[in-house]
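In the order they appear, the protein sequences are chains L and Y. Once you know that position 331 of the first sequence is 330 in numbering that gives the first Met the number 0, the rest is easy, because the numbers rise by one and skip nothing. Once you know that position 58 of the second sequence is 57 in numbering that gives the first Met the number 0, the rest is easy, because the numbers rise by one and skip nothing. Have a look at the structure below, then the notes.
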Amino acid sequence: MGFPTAPMVTIAFKELALSNAAGRGMPLERICFTPHPLTNKTDEQMYACLDGNDPVSGKPLMKEVVEALTKPLAAEEKKTGTITPTIGPPTYTDTADNLQRYYADNGMTDYMPIILPMQEKVDAMLKGTSHHPDEVVGKMSAAPGAFPDWSFTVKQVAVNAVMAGAQPEFFPVILAIAATGVTSLFSSTSSFARMVVVNGPIRDQIKMNSGIGAMGPFNDANATIGRAWTLLSKNLAASGMPGQTYMGTQGNGFNYNNICFPETEDKLPAGWIPLHVQKGFKADESVVSIFTGWSMNDIAWFCPLPLHEVIKGWLTHFFSTSVGAATLLLDPVVANDIKAHGFDSKEAYSEWLATNSKTPGWLYWQTRQNELKQAQAGVEPYASYLKMGDAEIPVSRFWRRPRPGAPADAKPTSSIEIIVLGGETNTYWSAGDFSYTASASVDKWR
Amino acid sequence: MKINRRKLLSILGISPALLTGSPLLGDQTKKKVSASAVGVKLETLNPKGSPPAIQLIPMAPRLDSLDGKTVYLVSDGFAGADRFLEQIRIWFTKNMPSVNTVYRLKAGGLADDDPKLWAEIKAKGNAMIMAIGH
Chain L
0 MGFPTAPMVT
10 IAFKELALSN
20 AAGRGMPLER
30 ICFTPHPLTN
40 KTDEQMYACL
50 DGNDPVSGKP
60 LMKEVVEALT
70 KPLAAEEKKT
80 GTITPTIGPP
90 TYTDTADNLQ
100 RYYADNGMTD
110 YMPIILPMQE
120 KVDAMLKGTS
130 HHPDEVVGKM
140 SAAPGAFPDW
150 SFTVKQVAVN
160 AVMAGAQPEF
170 FPVILAIAAT
180 GVTSLFSSTS
190 SFARMVVVNG
200 PIRDQIKMNS
210 GIGAMGPFND
220 ANATIGRAWT
230 LLSKNLAASG
240 MPGQTYMGTQ
250 GNGFNYNNIC
260 FPETEDKLPA
270 GWIPLHVQKG
280 FKADESVVSI
290 FTGWSMNDIA
300 WFCPLPLHEV
310 IKGWLTHFFS
320 TSVGAATLLL
330 DPVVANDIKA
340 HGFDSKEAYS
350 EWLATNSKTP
360 GWLYWQTRQN
370 ELKQAQAGVE
380 PYASYLKMGD
390 AEIPVSRFWR
400 RPRPGAPADA
410 KPTSSIEIIV
420 LGGETNTYWS
430 AGDFSYTASA
440 SVDKWR
Chain Y
0 MKINRRKLLS
10 ILGISPALLT
20 GSPLLGDQTK
30 KKVSASAVGV
40 KLETLNPKGS
50 PPAIQLIPMA
60 PRLDSLDGKT
70 VYLVSDGFAG
80 ADRFLEQIRI
90 WFTKNMPSVN
100 TVYRLKAGGL
110 ADDDPKLWAE
120 IKAKGNAMIM
130 AIGH
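Quick look at the structure:
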């Protein structure tokens, strides 16, 4: 940037800050550390931190900040040149038990036993695609912008697919997921989860389960494709290194398998179209679609209200890190019931929900500090909203404004996604704060 | 009170098939598993992708002192960073009153670049203190 800088980082992010500075070419960057966390401290407590010491160096913090900006540079701090990072040897040789231990101890697994990626198994996996082993599939980062992109080849993806226990016929699906460039282990303190939905003929060709227990551990393809995404995210993008490229404070159990399932296309209500067709693909194309969120509820509420109203009630009152997006996984029984109440498409129901779900007062004001100030100053309609207390305020959280640069006549769209899934054993539906992220062709990788 | 077990199970989300007495477990016939060859060494492949080369960036020259200089206090937008930087402003006022401070919020998300702000600091300021994280 061309001017002296003193970055101040809380101690919880020490490893992340140091490794990121090194990875970006400034291994000796003068980072000053504060106690953690600061967000919940009073102004007086924050000031006391400035009068205290840097918890890493033990030196007075503000003296260190001033020195970071004024102490002459050492020769090492002026260095230029290129460093080529090493990823270790191309192969490892040891006993099976020792290799299992080695892969786990070096952060290359999900800490469950793997299929050891011997050459013959990787060769067999590579037969699952027509693409050359050395072809570059794409790039992936532990968090785009924050960490550098790593690149990877078909063969490198195949090694991870073997480790996950996948069959060669699953490989095009795994390549498509990798080609999205989306890590399953996004680095954030908020413990993200991902979900991957498979559509099109590949679902039946590799015998994926979209029926009873589709999201559970009951199917080879569902299980190993989802697991492969986590392993390749770790190994192909250096994602999932706690303290460095992974900061989720509690972690997320979904990260083991990434909620991998195919949509129940054969049980869609008449007139409803599969997810991949909604996203612009042809019905006979095979596609993976990726979603991002944190949490999921599994619900059946036996009450006099029709199901579409029950779901609307849930949407109105549910709260999560992201309060502006939702994805509904409707069992075919539920989807057909909703269709019978006059919703002729997923889009029609999604827009009805976005229009009719409101925001309870307790939640409205938590996310709108500026409006609260205006309400307190008597500005309408906020002043009237404030008088409503905890009652439902007539503002939906689920309309998404057109993106910057969209055509002038672009209209807001509903941020509620709908997928049909399940074995029709009960009127259950799952729903959570997941939002649509990306889709990629599987056929391209056959 | 008489309880309809099928209804109860249905409400609990459990299959009424459990009432039929059908076996819960499949054939548990033991299969012989071949013993693994203890001590045999295997060769396996490295699963890692390819990281980019790292270009070393020399740090910008430091100032002789902060006396009379303008230091930008920049927030990356995380909650509390603005309050923390205000305390730093107060600290300078009390301890190094000749330092002029300017507060700015970096545009975009945590990892987004803000070349407009960097240009402003280069033109109008002398140094930056940036509060990053929580």
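The beta carbon of each residue, even a glycine, is placed where N, CA and C say it ideally should be. Keep in mind it's a predicted model, so treat the numbers as computed, not measured.
Residues near residue i by beta carbon distance below 8 angstroms, same chain, minus five either side
| i | result |
| --- | --- |
| residue 104(Y) | 73, 74, 76, 81 |
| residue 410(L) | 401 |
| residue 0(L) | none |
| residue 430(L) | 295, 296, 298, 310, 313, 314, 317, 325, 326, 327, 328 |
Residue interval of the beta strand (DSSP E) (run including residue i)
| i | result |
| --- | --- |
| residue 136(L) | 135-139 |
| residue 152(L) | 149-152 |
| residue 230(L) | Looking at the DSSP string, residue 230(L) is not in any beta strand (DSSP E); the run it does join, the alpha helix (DSSP H), is 219-236. |
| residue 71(Y) | 69-74 |
| residue 288(L) | 286-292 |
| residue 41(Y) | 40-44 |
| residue 326(L) | 325-329 |
| residue 260(L) | 259-261 |
| residue 205(L) | First-last for residue 205(L): undefined, no H or E at that position. |
| residue 165(L) | Neither: residue 165(L) is in no beta strand (DSSP E) and is coded neither H nor E. |
| residue 295(L) | 295-298 |
| residue 349(L) | Element bounds for residue 349(L): not the beta strand (DSSP E) but the alpha helix (DSSP H), 345-355. |
| residue 128(Y) | 126-131 |
| residue 104(Y) | 99-104 |
| residue 18(L) | Note, residue 18(L): premise wrong, no beta strand (DSSP E); alpha helix (DSSP H) at 13-22. |
| residue 5(L) | 4-9 |
Short Cβ contact (9 angstroms threshold) for residue i with residue j
| i | j | result |
| --- | --- | --- |
| residue 437(L) | residue 179(L) | yes |
| residue 282(L) | residue 268(L) | no |
| residue 52(Y) | residue 84(L) | yes |
| residue 5(L) | residue 95(Y) | no |
| residue 120(L) | residue 172(L) | no |
| residue 48(Y) | residue 237(L) | yes |
| residue 76(L) | residue 27(L) | yes |
| residue 288(L) | residue 435(L) | yes |
| residue 14(L) | residue 243(L) | yes |
| residue 159(L) | residue 231(L) | yes |
| residue 253(L) | residue 325(L) | no |
| residue 441(L) | residue 197(L) | yes |
| residue 79(Y) | residue 37(L) | yes |
Cβ shell of residue i (< 7 angstroms), same chain only, five flanking positions each side left out
| i | result |
| --- | --- |
| residue 360(L) | 387, 388, 389, 390, 392 |
| residue 412(L) | 399 |
| residue 428(L) | 298, 310, 327, 328, 329, 330, 333 |
| residue 155(L) | 235 |
| residue 103(L) | 110 |
| residue 3(L) | 68 |
| residue 58(L) | 52 |
| residue 98(Y) | 65, 68, 70, 91 |
Bounding residues of the alpha helix (DSSP H) (the contiguous stretch that carries residue i)
| i | result |
| --- | --- |
| residue 383(L) | 381-386 |
| residue 431(L) | Here residue 431(L) belongs to no alpha helix (DSSP H); instead the beta strand (DSSP E) covers 428-431. |
| residue 100(L) | 95-104 |
| residue 170(L) | 170-178 |
| residue 88(Y) | 80-94 |
| residue 319(L) | Counting along the chain, residue 319(L) falls outside any alpha helix (DSSP H), and DSSP gives it neither H nor E. |
| residue 111(L) | Element bounds for residue 111(L): n/a, residue is neither H nor E. |
| residue 124(L) | 118-125 |
| residue 255(L) | Per DSSP, residue 255(L) belongs to no alpha helix (DSSP H) and is neither H nor E. |
| residue 53(Y) | From DSSP, residue 53(Y) is part of no alpha helix (DSSP H) but of the beta strand (DSSP E) over 53-55. |
| residue 276(L) | 274-277 |
| residue 363(L) | 360-363 |
| residue 439(L) | Careful: residue 439(L) lies outside any alpha helix (DSSP H), inside the beta strand (DSSP E) at 434-440. |
| residue 198(L) | Looking at the DSSP string, residue 198(L) is not in any alpha helix (DSSP H); the run it does join, the beta strand (DSSP E), is 192-198. |
| residue 28(L) | Residue 28(L) -> no alpha helix (DSSP H), and no H or E assigned at all. |
Proximal residues to residue i (C-beta, below 6 angstroms), its chain only, five neighbours per side dropped
| i | result |
| --- | --- |
| residue 449(L) | Nothing in the structure corresponds to residue 449(L), since chain L is present only between 0 and 445. |
| residue 11(L) | 35 |
| residue 350(L) | 413 |
| residue 125(L) | 132, 157 |
| residue 17(Y) | For residue 17(Y), the predicted model reports a pLDDT of 41, less than 50, meaning its position is unreliable; a value from the coordinates is still stated below. No residues qualify anywhere along the chain. |
Residue i beta carbon near the ligand FMN (any heavy atom closer than 8 angstroms)
| i | result |
| --- | --- |
| residue 425(L) | Absence of the ligand FMN from the depicted structure is noted, as is the absence of any ligand whatsoever, leaving it without description. |
Requested in this report: Would you check if there are 3 or more beta carbon pairs closer than 8 angstroms linking the region 60-67 of chain Y to the region 110-128 of chain L?
Outcome: no
Query raised in the report: On the three-pair Cβ rule with 8 angstroms, is the region 159-177 of chain L touching the region 213-223 of chain L?
Result: yes
Query raised in the report: Unbroken alpha helix (DSSP H) runs of length 4 or more, entirely within the region 48-81 of chain L: which are they?
Result: 60-69
Query raised in the report: Does the pairing of the region 197-211 of chain L with the region 405-423 of chain L give three or more beta-carbon distances under 8 angstroms?
Result: yes
Query - Touching by the beta-carbon criterion (3+ pairs, under 8 angstroms), the region 176-191 of chain L and the region 117-137 of chain L - result: yes
Query - Inter-stretch contact at 8 angstroms, needing at least 3 Cβ pairs: the region 21-32 of chain L / the region 44-62 of chain L - result: yes
Query raised in the report: Counting Cβ pairs closer than 8 angstroms, one from the region 87-105 of chain L and one from the region 55-66 of chain L, do we hit at least three?
Result: no
Query - Sequence ranges, beta strand (DSSP E) only - wholly within the region 382-424 of chain L, length at least 3 - result: 415-419
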